[in-house]
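Numbering (our numbering), first residue to last: 13 to 220. Just so it is clear, CB atoms sit at the ideal spot from N, CA and C, and this is done for glycine as well.
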């Protein structure tokens, strides 16, 4: 406020905000200087007043500081960095633990399936051994039905036998029998291989 008692309505002002304005403002009768949205920093406000005769007073000044908002301070940046770092660490720790749990679950499943496969393999091997043993015993029965080598040596002289089963037992067999002065022999092929063919060969042998 500039004081001029003769004509106070004719008092004029000019001002300048150092740190924001480069030059003095235009002369005005308004006693309000508005600076909205000033950035943080150091400022010096200078103002002069003149009377009706145009005599200007010496500038008076007012220094002030606008502090930055808390989100622009160093300690806020530090806290944000700490929070981000801690959050990233916690996230990575959770991610690693989650992957470890998933891997452990997969390992347990693989171990359980492996144990199951091993047990099934043992069962299959045991059953296979039982079946193979039974079939080998059946071969002994089938061999007992074939003509004895001694009988063939005595009655056939110079001969050979080519007998190759596809499996352990076969539906094929040969037969030799001597009646009076006649020798009968046959190479018989029964339909089928393996155990079914061997059963057929037993039926065929019983009908000879």
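Of the listed residues the options, nearest to residue i (C-alpha basis)
| i | options | result |
| --- | --- | --- |
| residue 50 | 135, 150, 78 | 78 |
| residue 29 | 108, 41, 45 | 45 |
| residue 24 | 61, 120, 137, 135 | 61 |
| residue 13 | 42, 33, 182 | 42 |
| residue 12 | 167, 82, 143 | Outside the displayed range of the chain (13 to 220) lies residue 12, so it cannot be described from this structure. |
| residue 163 | 176, 136, 195, 69 | 195 |
9 angstroms Cβ cutoff met for residue i and residue j
| i | j | result |
| --- | --- | --- |
| residue 210 | residue 156 | no |
| residue 22 | residue 64 | yes |
| residue 146 | residue 185 | no |
| residue 71 | residue 58 | yes |
| residue 170 | residue 207 | no |
| residue 154 | residue 130 | no |
| residue 90 | residue 82 | no |
Terminal residues of the beta strand (DSSP E) in which residue i lies
| i | result |
| --- | --- |
| residue 187 | 182-191 |
| residue 148 | First-last for residue 148: 86-157, but that is the alpha helix (DSSP H), not the beta strand (DSSP E). |
| residue 28 | 24-30 |
Enclosing alpha helix (DSSP H) for residue i [first to last residue]
| i | result |
| --- | --- |
| residue 166 | 161-168 |
| residue 75 | Run containing residue 75: none in the alpha helix (DSSP H); it sits in the beta strand (DSSP E), 72-78. |
Three-state secondary structure assigned by DSSP to residue i
| i | result |
| --- | --- |
| residue 172 | coil |
| residue 18 | coil |
| residue 209 | helix |
| residue 61 | strand |
| residue 45 | coil |
| residue 195 | strand |
| residue 68 | strand |
- the stretch 51-63 / the stretch 71-89 touching (three or more Cβ pairs under 8 angstroms): yes
- Query: How do the stretch 151-171 and the stretch 179-197 stand: do at least 3 beta-carbon pairs fall below 8 angstroms, yes or no?
  - Reply: yes
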